Structure formats: C-alpha cells, structure tokens
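This report concerns only the one structure given below.
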Amino acid sequence: MNGENTRKERRGSYRGFELLPVHLYVLIHLKRAGVDYAKMMGKMGGLPLELITDAIDDLLEIGLIERDPGSAVKRSKARFKKAFEVHKHHTYYRLSREGELFVRSIDKKWVEEYFNALLPNGWKVARALAESRDLNEAGRKVSIDGETLDELRVLRLVTEKGRKTEFFKRLWEFLGV
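Once you know that position 42 of the sequence shown is 42 in full-length UniProt numbering, the rest is easy, because the numbers rise by one and skip nothing.
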C-alpha cells in the first residue's frame, strides 16, 4: 500500500472505523455543547433521531463518547442550555478523553483530507457547496459528476432538489473552515 492510500484511509477513519459526516457532526457538536442528548443533536442538525442514535451507538462502541452520569446538568457543563440547571429527562452524552483528544486534532488540513477521502475531489466540492447558494451554483465552480451527486445525497449533505441541508450548514459551521 502506498503512502497516499494509507493517509486517506487514516483520515476517513478512526482506528479502522469509517467516520461518516454524521459521526463527525456528533463529535463536534459535543465538543461545542459540552454535554447533550440525541434528540437535541438531531434537531439542531436537521437529522432524524434514528440516524443520530445510530451514530451515538457507533461512537460509544469505539470509545469516542460516553454517557454523562448524574441526574442534573448545569449550564456551565451543557453550554447550549438556557436554564442554569436542568434535571435530566434524556440520556446525555459527552466526549470521552480519547474523543476529546481526537476532536482537538481536527484542523483545516484534517478536514481537507477527510473530505478528499470521502468523495472524489471532496474538499473542492465541499468548499464550493459551502460558498454557494445551492448545488447548481457549486457546480459552476467545480465539476460534480452523477456519482458524487448521489454520494452527497446519501451523506445528507444536499437535498434531492440540490439545496444544502441544515446538517451540512451546521457541520460546516462547527468545523470552522
């Protein structure tokens, strides 16, 4: 295996586990929120609860996140909460130490390599989509073939009509690139 394939494999995965954009979103959401629950992550990202819970289960299994113990959450710990302290009515999650270290390592270069491993010409496509109103406008900046378009839809980055999803907008905002 040559170095480039190894790098792409490493950047699109975590210890052999393929990180999908929804996994990345959950990790970055928890980094920004401190602690949060699945329903709120789905609501903020515009994703179905089932997709978020599957991603949470995957991330729990590989040790990047953990359940938050206790019966109450303070705003200092849950930064997206408006009340000073709330009693838990959901299962809250937070980054594990390993997850914290992993998320800390995410920089612009990592994101660029991640999108390139995810899609053909992925970084250029993602950047063009982020800077454009919709897929048609992004298509004028960078070539997007049918296979890439299908993959963008499967990953829930664009809608069937070619609009950016709330999920993509929030992911891009959280990545800060």
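Heads up, the beta-carbon is just placed ideally off N, CA and C, and yes, glycines get one too.
From a predicted model like this one, the values you see are computed outputs, not experimental measurements.
Take residue i and list the residues in its own chain whose beta-carbon comes closer than 7 Å to its own, dropping the five residues that flank it on each side.
i: Trp172; result: Ala130
i: Lys39; result: Leu49 and His90
i: Leu175; result: Ile28 and Val111
Leaving out five residues on either side along the sequence, give the residues of the same chain with a beta carbon under 8 Å from the beta carbon of residue i.
i: Ala126; result: Phe115, Leu119, Leu157 and Trp172
i: Leu152; result: Leu119, Val125, Leu129, Leu135, Ile144 and Val158
i: Glu100; result: Lys31
Between residue i and residue j, is the Cβ-Cβ spacing less than 8 Å?
i: residue 178; j: Tyr37; result: An answer regarding residue 178 cannot be provided, because it is not within the stretch 1 to 177 covered by the chain.
i: Ile62; j: Tyr14; result: yes
i: Leu27; j: Leu59; result: yes
i: Leu20; j: Leu64; result: no
i: Phe167; j: Leu30; result: no
i: Gly42; j: Ile52; result: yes
i: Val22; j: Asp68; result: no
Considering residue i, what are the terminal residues of the beta strand (DSSP E) in which it resides?
i: Arg94; result: Tyr92 to Leu95
i: Arg67; result: Ile65 to Arg67
If you follow the alpha helix (DSSP H) that residue i is in, where does it begin and where does it stop?
i: Asp54; result: Leu49 to Ile62
i: Val154; result: Gly146 to Val154
Can you list, in chain order, the residues of its chain with a C-beta nearer than 6 Å to that of residue i? Leave out the 5 residues immediately preceding and following it.
i: Lys108; result: Val177
i: Ile163; result: First, the amino acid is wrong: residue 163 is Arg here, not Ile. Within the same chain, Arg163 has close Cβ partners Asp134.
i: Val103; result: Leu27 and Lys31
Determine, for residue i, whether the minimum Cβ-Cβ distance to residues of chain D falls below 8 Å.
i: Arg156; result: The chain inventory of the structure shown lacks chain D, comprising one protein chain alone.
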